[in-house]
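See structure below.
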Amino acid sequence: MSVLFKEGTQRESGVETIKSNILAVRTLAEMLKTSLGPRGMDKMLISGTSDVTVTNDGVTIVKEMDVQHPAAKIIVEAAKAQDTQVGDGTTSAVVLSGFLAEQAEKLLDQKIHPVTIIDGYKKALEFSLELGKRFALKVDPNDRKILSQIAYTALSSKFFSSSTTLNKIIDISIDAVLSVAEKVGDQYVIDMSNIKFVKKRGESADETELVKGFVLDKEVAHEGMPRRVEKAKIAVIDFGLEVEKPEISAKMSFTDPEQIREALEEQTKYVKSLVDTLEKLGAKVIIGQKGMDDIALYFLAKKGIIAVKNVSRSDLEKVAKAVGAKIISSIKDASSDDLGYAEIVEERKIGNSKAIFIEGAKDAKAVTVLVRGSSEIVMDEIERSFQDSINAVKNVLNYPYIVGGGGAYEVELAMRLREEAKKVGGKEQLAIEAFADALEEIATTLAGTAGMDEIETIVQLRNLHAKGYKFAGVNVESGKIEEDMMKINVIDPLVVKESILKSSVEAVTALLKIDDFIAAAPMKQNPQQQQPYG
């Protein structure tokens, strides 16, 4: 190796490399395992800058952790992909990856080739996607009761101070998704960027509300401006209401004080012409991405126009969409057709700060969730809870199939996979059965977090599923086995379960294909030699 690689290069090869990667994945999965389910524990994560995050949200944990091992990073990326695709099931994806990796290690110890394991896992995934659809229930996505039950299950692992908060989050989540959803044929098109979150400290989480419109975390730009405008025409601009600074440095020379006065008058005249033009278009509210100087604000206040300045580009685009306006880039090309409309634009006091509320917009497809809480940590966790419940509702609207939660889906799938494995035969059969064993570990983990006996739990579940109770699962709240998780409203969207399987199998099979690990020697930091002067 010394001939082929630089000095200090590390190398592992063969089965030892695979086992080393599996160990890293299992370690990561073990960390998240205790966070699975409604009785899962929270993690306290402290960043290098001493920022504290307390959560049991899988994707937040893996994002905040500075994972160094390359194999573990693959699992982290799989969890992030899971979150991007369906917005839920990230903890399950990491934990299942760990279980699949553990089962693969047992097969490697039996001298089964990694490629055979990969083929078996891929067949097991194909069977799972086909079998799962067979025993899943198709539902009416317009049934609010079903949507509520789905959101409830998504939030069951979150901590809330009261059931009032939980029910409020569920209701707001459903209303938010239905407000931005557009039906195209038989499918719903849901743009999640139309749901904005604004966090304002103070009051309790019960005061969180849904605003059918847009909330800008800004204040009116001038004290002399009105605080409320009804039936408002709104100009959304991305140019400044001020004298533009030249791109190159320039100096003005004056020989007479009168010339200074004339220059200032010209500047005032220019800014006033911008304001007059916007007023002639009919604008009663101006929302701008750039600055507005004192002269502009004086004239706007005098005309009774509300102005908001220095709005971020993303918020500017969302406001334009919400009120039906076109973003005006140049005053020369502006017309009254570019203006948007809202019934009310008002500055309101929230806690110790203020915000601009834009409500009653025509054909609005944007809503804002105004999150309240006693601290930043509480509000962050409430926002993460909203993300989970909103995604759960969205998933059922797009793919209206549901299955029982509490490990019911995994145990039923494992039972059916074992039957399919017998038809396959050979060494691949062992890999498919190992896949089934990994699935059942999800149910035993849920039982473990609830303080139940894991072996007794899996034996009881297998018996119930063999008798035809396809949605029998673990009720972690009562610590008992339920014959039908649907009856206690523990329901999961099928699309989330399918996504967990896909991302876990993709990540683990990628690791099983790696049989060589070559790490270059770290670069040496040579101290700079001082150069002699002269």
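At position 525 of the sequence shown the residue is numbered 1357 (the working numbering), and the sequence of numbers has no breaks. Ideal placement from N, C-alpha and C gives every residue a C-beta, glycine not left out.
Subject >> Opposing strand residues paired with Ile1022 [DSSP bridges] >> reply: Ala1013
Subject >> According to DSSP, residues forming a beta bridge with Met1124 >> reply: Leu1073
Original post:
Out of Val918, Asp883, Thr916 and Leu877, which has the shortest C-alpha to C-alpha gap to Val899?
Top reply: Leu877
**OP:** Determine the direct distance from the alpha carbon of Val1052 to that of Glu1286, and round the result to whole angstroms.
**Re:** 59 Å
Original post:
Going by C-alpha distance, which of Gly1172, Ala1128 and Ala1224 is nearest Gly1136?
Top reply: Ala1128
Subject >> Contacts around Val857, its chain only, beta-carbon distance under 7 Å, and the 5 residues preceding and following it disregarded >> reply: Ala903, Ala904, Ile907, Ser929, Gly930, Ala933 and Leu1343
Original post:
What separation, rounded to the nearest whole angstrom, lies between the Cα atoms of Lys1329 and Leu1202?
Top reply: 30 Å
Subject >> Delimiting residues of the beta strand (DSSP E) encompassing Ser1367 >> reply: Lying before the first or after the last residue shown, residue 1367 is absent from the chain, which here runs from 833 to 1366.
**OP:** Taking only runs that begin and end inside the region 908 to 973, name each unbroken alpha helix (DSSP H) of 4 or more residues, in chain order.
**Re:** 922 to 941 and 946 to 967
**OP:** Tell me where the alpha helix (DSSP H) around Asp1324 begins and ends.
**Re:** Premise fails: Asp1324 lies in the beta strand (DSSP E), Ile1323 to Pro1325, not in any alpha helix (DSSP H).
Subject >> Top-ranked residue by Cα proximity to Ser924, from Tyr1130, Ala986 and Ala956 >> reply: Ala986
Subject >> Any 3 or more C-beta pairs closer than 8 Å across the region 883 to 892 and the region 1211 to 1218 >> reply: yes
Original post:
Can you name the start and end residues of the alpha helix (DSSP H) that Tyr984 belongs to?
Top reply: Arg976 to Leu987
**OP:** Grab the span of the beta strand (DSSP E) containing Pro1177 for me, first residue to last.
**Re:** The sequence as given places Val at residue 1177; Pro does not occur at that position. Its beta strand (DSSP E) spans residues Gly1172 to Ile1182.
**OP:** Could you tell me the boundaries of the beta strand (DSSP E) in which Tyr1231 lies?
**Re:** No beta strand (DSSP E) contains Tyr1231, which DSSP labels as neither H nor E.
Subject >> Nearest-angstrom beta carbon gap, Arg871 and Val1308 [assumed within contact, 8 Å] >> reply: 5 Å
**OP:** In the DSSP assignment, find the beta strand (DSSP E) that holds Met1057 and state where it starts and stops.
**Re:** Note, Met1057: premise wrong, no beta strand (DSSP E); not H, not E.
Original post:
Can we say the region 1062 to 1069 touches the region 1222 to 1231, given the rule of at least three CB pairs closer than 8 Å?
Top reply: no
**OP:** Could you check the C-alpha separation between Ile1190 and Leu1106 for me, to the nearest Å?
**Re:** 24 Å
**OP:** Note the first and the last residue of the continuous beta strand (DSSP E) segment covering Asn1307.
**Re:** Gly1305 to Asn1307
**OP:** Within its chain, find whatever has a CB closer than 7 Å to the CB of Leu939; leave out the 5 residues flanking it on each side and keep chain order.
**Re:** Ile949, Leu1262, Ala1263 and Ala1266
Original post:
What are the boundary residues of the beta strand (DSSP E) that Met876 is part of?
Top reply: Lys875 to Ile878
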